[in-house]
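**Student:** Residue numbers (the working numbering), protein chains in the order written: chain A, 1435 to 1675; chain B, 46 to 322; chain C, 197 to 422.
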Amino acid sequence: MVELINEKGLRIDGRGVDELRPLRIEVGVLKNADGSSYIEMGKNKIVAAVYGPKEVHPKHLALPDRSVLRCRYHMAPFSVDVRKPPQPSRREIEISKVIREALEPALILEEYPRTAINIYLEVLQADGGSRCAGITASAVALADAGISMRDMVVACAAGKISGQVVIDLDDTEDKEGDADLPIAIMPNLNQVTLFQLDGIMAPEEFEKAFNMAVSACHQIYEVQREALIDKYFGKGEAGEE
Amino acid sequence: MSAVKRSMVVERLRKDQMVELLSKEKRLDNRGLLDLRNIVIETGVIERASGSAKVQVGNTQVIAGVKIETGEPFPDTPDKGLLVVNAEVLPLASAYAEPGPPDEDAIELARVVDRGVRESKMIDLSKLILIPGRKVHAVFVDVNVLNVDGNLFDATSYATVASIATAKMPKLFVDQNGQIKRTEEIIPLPIKSIPVSVTLARIGDVLLVDPTSEEEAVMDARITLVFDEEDNVCAGQKGQPGTLNFDQVKLAANIAKVKAREVRKIILGGITKDAKG
Amino acid sequence: MSEVKRKYVTPGELIATGNYKPISNVIKVKDNFYAIKIGLAEISHEGIRVIPLSGPYIPKVDDLVIGKIVDYSAFSWEVDINSCFFAYLPAQSVFGRNFSPDRESLPERFSIGDLIYAKVVTYDRTRNPILSISGHGLGQIPKGEMVKIGPAKVPRLIGKKGSMIKTIESATNCRLIIGQNGIILIVGPPDGVLLATQAIRMVESEAHLASLVKDIQSLLSGSREV
Chain A
1435 MVELINEKGL
1445 RIDGRGVDEL
1455 RPLRIEVGVL
1465 KNADGSSYIE
1475 MGKNKIVAAV
1485 YGPKEVHPKH
1495 LALPDRSVLR
1505 CRYHMAPFSV
1515 DVRKPPQPSR
1525 REIEISKVIR
1535 EALEPALILE
1545 EYPRTAINIY
1555 LEVLQADGGS
1565 RCAGITASAV
1575 ALADAGISMR
1585 DMVVACAAGK
1595 ISGQVVIDLD
1605 DTEDKEGDAD
1615 LPIAIMPNLN
1625 QVTLFQLDGI
1635 MAPEEFEKAF
1645 NMAVSACHQI
1655 YEVQREALID
1665 KYFGKGEAGE
1675 E
Chain B
46 MSAVKRSMVV
56 ERLRKDQMVE
66 LLSKEKRLDN
76 RGLLDLRNIV
86 IETGVIERAS
96 GSAKVQVGNT
106 QVIAGVKIET
116 GEPFPDTPDK
126 GLLVVNAEVL
136 PLASAYAEPG
146 PPDEDAIELA
156 RVVDRGVRES
166 KMIDLSKLIL
176 IPGRKVHAVF
186 VDVNVLNVDG
196 NLFDATSYAT
206 VASIATAKMP
216 KLFVDQNGQI
226 KRTEEIIPLP
236 IKSIPVSVTL
246 ARIGDVLLVD
256 PTSEEEAVMD
266 ARITLVFDEE
276 DNVCAGQKGQ
286 PGTLNFDQVK
296 LAANIAKVKA
306 REVRKIILGG
316 ITKDAKG
Chain C
197 MSEVKRKYVT
207 PGELIATGNY
217 KPISNVIKVK
227 DNFYAIKIGL
237 AEISHEGIRV
247 IPLSGPYIPK
257 VDDLVIGKIV
267 DYSAFSWEVD
277 INSCFFAYLP
287 AQSVFGRNFS
297 PDRESLPERF
307 SIGDLIYAKV
317 VTYDRTRNPI
327 LSISGHGLGQ
337 IPKGEMVKIG
347 PAKVPRLIGK
357 KGSMIKTIES
367 ATNCRLIIGQ
377 NGIILIVGPP
387 DGVLLATQAI
397 RMVESEAHLA
407 SLVKDIQSLL
417 SGSREV
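1) State buried or exposed for L302 of chain C, treating a residue as buried only when at least 16 other CB atoms are found within 10 Å of its CB.
2) If you compare alpha carbons, which of C:V343, C:S407, C:I244 is closest to I262 of chain C?
3) Are Y313 of chain C and L260 of chain C close, meaning C-beta to C-beta below 8 Å?
4) Please identify the residue among A:A1510, A:I1581, A:F1512 whose C-alpha is closest to the C-alpha of A1540 of chain A.
5) Comparing alpha-carbon positions, which option in B:I239, B:E143, B:I236, B:A207 lies nearest V193 of chain B?
6) Is the CB of G208 of chain C under 8 Å away from at least one CB in chain A?
7) Is V111 of chain B close to chain A, meaning its C-beta is less than 8 Å from at least one C-beta of that chain?
8) Would the segment 1611 to 1627 of chain A count as touching the segment 1512 to 1520 of chain A if we require 3 or more Cβ pairs under 8 Å?
9) Please go through the same chain and pick out, in chain order, the residues whose beta-carbon is closer than 7 Å to the beta-carbon of S271 of chain C, but skip the five residues on each side of it.
10) List the DSSP bridge partners of C1590 of chain A.
11) Give me the Cα-Cα distance between V1490 of chain A and A1496 of chain A, rounded to the nearest whole angstrom.
12) Please identify the residue among C:G375, C:A237, C:P351 whose C-alpha is closest to the C-alpha of T206 of chain C.
13) Please state the DSSP three-state secondary structure of Y147 of chain C.
14) Pick out the complete alpha helix (DSSP H) segments inside the segment 221 to 295 of chain B, 4 residues or longer, and give them in chain order.
15) For A1573 of chain A, which option in A:V1436, A:A1661, A:I1439 has the closest C-alpha, if you only look at C-alpha atoms?
16) If we call anything under 8 Å between Cβ atoms a contact, is A383 of chain C one with G333 of chain C?
17) Measure the Cβ-Cβ separation of I209 of chain B and V162 of chain B and say whether it is below 8 Å.
18) Per the DSSP calculation, V350 of chain C is bridged to which residue(s)?
19) By a C-beta neighbour count over all protein chains shown, 10 Å radius and 16 as the cutoff for buried, is V422 of chain C buried or exposed?
20) To test your reading of the DSSP string, which unbroken beta strand (DSSP E) runs of 3 or more residues are found completely within the segment 201 to 256 of chain C?
21) Identify whether R1458 of chain A lies in helix, strand or coil by the three-state DSSP scheme.
22) Measure from the C-beta of P351 of chain C to each C-beta in chain B and report whether the shortest distance is under 8 Å.
23) For C1566 of chain A, which three-state DSSP category applies?
24) Using 10 angstroms around the beta-carbon of S250 of chain C, count the other beta-carbons present and answer buried if the total reaches 16, otherwise exposed.
25) Look at the alpha carbon of A1584 of chain A and the alpha carbon of I1542 of chain A, and state the distance between them as a whole number of angstroms.
26) At 4 residues or longer, and completely inside the segment 139 to 179 of chain B: list those alpha helix (DSSP H) runs for me, N to C.
27) Would you list, in chain order, the members of the segment 76 to 104 of chain B that have their beta-carbon closer than 7 Å to a beta-carbon of chain A?
28) For S1564 of chain A and H1652 of chain A, I'd like the C-alpha separation in whole angstroms.
29) Tell me Q1658 of chain A's beta-bridge partners as DSSP assigns them.
30) Can you tell which of A:V1648, A:E1528, A:I1569, A:I1663 has the C-alpha that lies nearest to the C-alpha of D1452 of chain A?
31) Answer yes or no: does any C-beta atom of chain B fall closer than 8 Å to that of L311 of chain C?
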């Protein structure tokens, strides 16, 4: 068994149990997309783009009273240690679905009937927690596209490694650890939009992990907000006159 | 916010403007006919890849990653390593790109880029043999187009070349039992040449380099030429239904040769920056 | 003038709590008002609204838009109006009530790639927008410099009662044709077109700033370099 936490309580990369990996978000990185963002979270490097709302083709897929949200999470062949064939795997298809369902509650899709909103996520480099980073990046790209949103969506995992509850697991911790609990929340409306659990935890550990993941999400939300404010407002005083 | 359409429609007044400017040897983005857009090449951007490069040509953005694995050689080339170049125009790259397997345009793109690398003998494939006829190194280059604004051929080629040139792998050896083992030593690929691709478009009677999406949407024909460091031409492809006359082909080759020298400096700059960092 | 409080907001952000009237781009949960777009929140005695800084163009009846002909059938043109939907321009509204597909050829009037200045005559949640070009100044736009801005920023470019357009037009000797859908055509002398383009770009990048009007004035009077 790999030693994931040393005697000083530090993890392999030197982080404490409740410490996030380095996180950076950029807004508006792709010229052609209606909204876009780029996120680095640990070694994750992910580009998110939003196209739409726009007319649905083929037309029978359109809904009369709301927009259809579509999501494609895809990993570049060079994003992982062993080359991944470009065609989508079962894992990528499931992750695309849970990401879509994590974002959908935040979107006011009724504002755009008969249209589709497409979210494309390209994982240029994968680390643990790429679905969480993908969700966080998607929400920023949706805000950049100016789609009406009830709230932002922000995601982070907690988990259990070497018998201790930690947040934001990297690739090694994810693979060697005991449990992984990725969640996504709407940070102002206090709702959970993604919940997955993979591994064993005692009830009290589970509750602790959940609370730590929520508070990590709030930290990440601040980074999302700053990235958007920086892109849209830079400096200067607000006004209309 | 453009809705889904199979291809881009350029506004007629933009097209008229373009044609009028071209008659004065000018372009919509203020470039001269033979001016390239700004080219930015960053290498070593993906730590998990053996080599990688992100390239911007104006607003066109591509990223390439190299993975080096072991495999069996092709039966007709038992004494050569494998090279596979694959390109995808991701659906996030433009409103006109669709998810799904590469279409004929993406396959043409990958094959033309592959040809430039292969025919220039950029990688000495004969040095990639582990067990003759049975085990060789296989070099996979995957290129993802992130944002489309014309001239994907050159952008994809520059990213491919820069990622291969900066790729590193652990040195392997075959032990007495015929097993492949890795050593601690990290080595580059056996690089013999740096091919440089230059693409021109013909719009009416005018030839111009490095076309944008808007220019490509109205161009009659496209021609790509690839050069090695001795100005030898080593790969080429004419595209689109339009034609080029004999003089235009020769003129295009001459222009491309000169522009290739200019781009070569930029590629070499991008490659050496990685080596130092 | 009554007190107006302003602040920058992102989606989901709490703007205020209390007894207000929601005006636009806000949702109310109990007594809390949250922004649904990135933009500038305004809290006044009239209520709470968010002036968005991004977002798609949603057509409204009577809007004037600049559209691009992208296709045609025997009875109508399909027009890209930079929105979620393609719009239709019925042949009847161009050729008149007696239009007959046997007699009149649509592409002879407008062909693919042509730009038109048109009015949205019908649009609701169930149908694509229908355009008309009957009206003063409507119809094909034969020439001009095209500039695109975020549709959410068009009101800023127009200004209070058209003040911003007038300022730019008179300083540059150009005429601006403004589509509510974020497409603008500038017609005039080359120097003027260049300056007007710079001014429009400034409106786009400084739409949220209180100093916009002053900055535009100094740009146009030549006292500020871009």
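Don't be surprised by glycine CBs; every beta carbon is placed ideally from N, CA and C.
**Tutor:** Considering the structure as presented:
1) Taking the first residue of the third sequence as position 1, residue 302 of chain C is located at position 106. The residue in question, L302 of chain C, is buried, as its Cβ has 16 or more Cβ neighbours within 10 Å.
2) As a first step, residue 262 of chain C is located in the third sequence; it is residue number 66 there, counting from the start. Ranking C:V343, C:S407, C:I244 by Cα distance to I262 of chain C puts C:V343 first.
3) Residue numbering aside, residue 313 of chain C sits at position 117 when the third sequence is read from its first letter. Residue numbering aside, residue 260 of chain C sits at position 64 when the third sequence is read from its first letter. Yes, the pair counts as a contact, with Cβ atoms nearer than the cut-off.
4) For the purposes of this step, residue 1540 of chain A is identified with residue 106 of the first sequence, where counting begins at 1. Out of A:A1510, A:I1581, A:F1512, A:I1581 has the C-alpha closest to the C-alpha of A1540 of chain A.
5) Looking up residue 193 of chain B in the second sequence gives position 148. Closest option to V193 of chain B, judged by alpha-carbon separation, among B:I239, B:E143, B:I236, B:A207: B:E143.
6) Taking the first residue of the third sequence as position 1, residue 208 of chain C is located at position 12. Interface residue, yes.
7) By 1-based counting over the second sequence, the position of residue 111 of chain B is 66. Residue contact with chain A for V111 of chain B: present (Cβ-Cβ distance below 8 Å to some residue of chain A).
8) Below 8 Å, too few C-beta pairs join the segment 1611 to 1627 of chain A and the segment 1512 to 1520 of chain A to call them touching: fewer than three.
9) Counted from its first residue, the third sequence places residue 271 of chain C at position 75. In the sequence as presented, Ser is not what sits at residue 271 of chain C; that position holds Phe. Same-chain partners within the cutoff: P286, A287, P297.
10) The sequence position of residue 1590 of chain A within the first sequence is 156, counting from 1. C1590 of chain A pairs with A:I1617.
11) Numbered from its first residue, the first sequence carries residue 1490 of chain A at position 56. Numbered from its first residue, the first sequence carries residue 1496 of chain A at position 62. CA-CA distance, V1490 of chain A to A1496 of chain A, rounds to 6 Å.
12) Translated into the one-based positions of the third sequence, residue 206 of chain C becomes position 10. Of the candidates C:G375, C:A237, C:P351, C:A237 places its Cα closest to the Cα of T206 of chain C.
13) Since the displayed chain C opens at 197 and closes at 422, residue 147 of chain C lies outside it and no answer follows.
14) List check, alpha helix (DSSP H) in window: 258 to 263.
15) Start at 1 with the first residue of the first sequence, and residue 1573 of chain A comes out as number 139. Taking only the C-alpha atoms, the option nearest A1573 of chain A is A:A1661.
16) Within the third sequence, numbered from 1, the residue matching residue 383 of chain C stands at position 187. Within the third sequence, numbered from 1, the residue matching residue 333 of chain C stands at position 137. It should be noted that the sequence gives Val, not Ala, for residue 383 of chain C. No, the Cβ-Cβ distance between V383 of chain C and G333 of chain C is not below 8 Å.
17) Along the second sequence, one-based indexing puts residue 209 of chain B at 164. Along the second sequence, one-based indexing puts residue 162 of chain B at 117. Yes.
18) Numbered from its first residue, the third sequence carries residue 350 of chain C at position 154. V350 of chain C is not bridged by DSSP to any residue.
19) The sequence position of residue 422 of chain C within the third sequence is 226, counting from 1. Low per-residue confidence applies at V422 of chain C: pLDDT is 49, beneath 50, and the placement is therefore not dependable, though the value from the model is reported in the following sentence. Flag for V422 of chain C reads exposed.
20) Runs of the beta strand (DSSP E) lying entirely within the segment 201 to 256 of chain C, each at least 3 residues long, are 201 to 205, 210 to 213, 218 to 220, 222 to 225, 228 to 231, 235 to 240, 243 to 248 in chain order.
21) For the purposes of this step, residue 1458 of chain A is taken as the residue at position 24 of the first sequence. If DSSP states are grouped into helix, strand and coil, R1458 of chain A belongs with the strands.
22) Here residue 351 of chain C refers to the residue found at position 155 when the third sequence is read from its first residue. It does not: the Cβ of P351 of chain C has no partner Cβ on chain B nearer than 8 Å.
23) Residue numbering aside, residue 1566 of chain A sits at position 132 when the first sequence is read from its first letter. Reduced to three states, the DSSP call for C1566 of chain A is helix.
24) Residue mapping note: residue 250 of chain C aligns to position 54 of the third sequence, counting from 1. That one is buried.
25) Translated into positions along the first sequence, residue 1584 of chain A becomes position 150. Translated into positions along the first sequence, residue 1542 of chain A becomes position 108. The amino acid occupying residue 1584 of chain A in the given sequence is Arg; Ala does not appear at that position. Cα-Cα distance, rounded: 7 Å.
26) Taking 4 residues as the minimum length, the alpha helix (DSSP H) runs contained wholly in the segment 139 to 179 of chain B are 149 to 164, in order along the chain.
27) Listed by position along the chain: I91, E92, R93, A94, S97, N104.
28) Start at 1 with the first residue of the first sequence, and residue 1564 of chain A comes out as number 130. Start at 1 with the first residue of the first sequence, and residue 1652 of chain A comes out as number 218. Taking the Cα positions, S1564 of chain A is about 18 Å away from H1652 of chain A.
29) The residue you call residue 1658 of chain A lines up with position 224 of the first sequence. Under DSSP, Q1658 of chain A forms no beta bridge with any residue.
30) Stepping through the first sequence from its first residue, residue 1452 of chain A is reached at position 18. Put simply, of A:V1648, A:E1528, A:I1569, A:I1663 the residue whose alpha carbon is nearest the alpha carbon of D1452 of chain A is A:V1648.
31) Along the third sequence, read from residue 1 onward, the residue named residue 311 of chain C stands at position 115. Yes, contact with chain B.
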